[in-house]
Amino acid sequence: DAKTTQPPSMDCAEGRAANLPCNHSTISGNEYVYWYRQIHSQGPQYIIHGLKNNETNEMASLIITEDRKSSTLILPHATLRDTAVYYCIVRVKVGGADGLTFGKGTHLIIQP
Amino acid sequence: NAGVTQTPKFQVLKTGQSMTLQCAQDMNHNSMYWYRQDPGMGLRLIYYSASEGTTDKGEVPNGYNVSRLNKREFSLRLESAAPSQTSVYFCASSAGGNGNTIYFGEGSWLTVV
Numbered sequence: 212d213a214k215t216t217q218p219p220s221m222d223c224a225e226g227r228a229a230n231l232p233c234n235h236s237t238i239s240g241n242e243y244v245y246w247y248r249q250i251h252s253q254g255p256q257y258i259i260h261g262l263k264n265n266e267t268n269e270m271a272s273l274i275i276t277e278d279r280k281s282s283t284l285i286l287p288h289a290t291l292r293d294t295a296v297y298y299c300i301v302r303v304k305v306g307g308a309d310g311l312t313f314g315k316g317t318h319l320i321i322q323p
Numbered sequence: 002n003a004g005v006t007q008t009p010k011f012q013v014l015k016t017g018q019s020m021t022l023q024c025a026q027d028m029n030h031n032s033m034y035w036y037r038q039d040p041g042m043g044l045r046l047i048y049y050s051a052s053e054g055t056t057d058k059g060e061v062p063n064g065y066n067v068s069r070l071n072k073r074e075f076s077l078r079l080e081s082a083a084p085s086q087t088s089v090y091f092c093a094s095s096a097g098g099n100g101n102t103i104y105f106g107e108g109s110w111l112t113v114v
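These protein sequence lines are chains A and B, in that order.
Heads up: take any position in the first sequence, counting from 1, add 211, and you land on the working numbering.
Heads up: take any position in the second sequence, counting from 1, add 1, and you land on the working numbering.
Following this line, the structure appears as structure tokens:
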């Protein structure tokens with residue numbers, strides 16, 4: 212099963228771009244990379260996902276390397292409300308069940 | 002938009018008591034999930050249902066049972082609650098299959114004393 216590695220914490224200044232890295236060196240060809248965030252133990256909030264190509268939506272951009280072994284989530288203009296735990300996830304099967312396997316994520320702190 | 006709705010939001014149980022967490026989604030999704038999250042940890046999959054009438058065990062199924070009542074509803078039952086089951090429980094749903102988004106509810110905080 213593909214697993215991900217993220218730094219445990221990062222700081223970013225308000226108004227700057229936040230770049231969150233993720234390594235997934237054992238990802239297989241048909242596995243998507245998903246990003247979620249969680250604020251104060253609320254339900255995880257979907258941000259973005261991708262397979263091979265870079266993706267952008269109203270919240271963020273996802274840059275996936277050509278070999279697909281790593282990716283970067285970019286929050287273009289971070290605000291204080293972006294302080295949260297960010298999870299990079301490769302969708303895998305756990306036993307017979309299809310789902311998302313969450314690690315400990317990156318605690319992103321936006322500094323005023 | 003309701004999305005994924007869980008009840009109750011908070012519950013305190015005594016050891017050995019039973020209870021059921023309810024979950025409903027209004028997005029016509031095939032797949033539904035139950036996760037738990039312990040303090041400082043990521044979410045762990047308890048059970049999964051790919052469609053009405055089917056369920057599969059996840060990473061931590063012991064001590065739990067589930068019922069996929071219909072396409073909308075997926076319940077999680079604790080038959081004899083233990084302090085180790087004190088956790089935040091999240092229900093989720095998706096259209097199913099690789100590449101589809103999984104949407105989460107707001108969580109149910111359960112304390113077993």
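Glycine included, each C-beta is placed from N, C-alpha and C at the ideal position.
Interface flag, Gly1 of chain B vs chain A, CB-CB below 8 Å: Since the first and last residues shown for chain B are 2 and 114, residue 1 of chain B lies out of range.
Do the stretch 28-41 of chain B and the stretch 283-293 of chain A make contact, defined as three or more Cβ pairs closer than 8 Å? no
Does the beta-carbon of His30 of chain B have 16 or more other beta-carbons within 10 angstroms, so that it is buried, or is it exposed? buried
Three or more beta-carbon pairs under 8 Å between the stretch 11-26 of chain B and the stretch 222-240 of chain A, yes or no? no
Pick from B:Phe75, B:Leu79, B:Glu80, B:Ser85 that is closest to Gly106 of chain B, judged by C-alpha positions: B:Phe75
Grouping DSSP H, G and I as helix and E and B as strand, with all else coil, what is Arg248 of chain A? strand
Proximity winner among A:Arg248, A:Asn241, A:Leu262, relative to Ile320 of chain A (alpha-carbon distances): The shortest C-alpha separation from Ile320 of chain A is found at A:Arg248.
Which residues does DSSP list as the beta-bridge partners of Pro232 of chain A? A:Thr283
Should Gly226 of chain A go down as buried or exposed, given a rule of 16 or more other Cβ atoms within 10 Å for buried? exposed
What does a CB cutoff of less than 8 Å around Gly97 of chain B pick up in its chain, not counting 5 residues either side in sequence? His30, Asn31, Ser32, Ala51, Ser52
Quick one: does Gln217 of chain A have its CB under 8 Å from some CB of chain B? For Gln217 of chain A, the answer is no, since every Cβ of chain B falls outside 8 Å of its Cβ.
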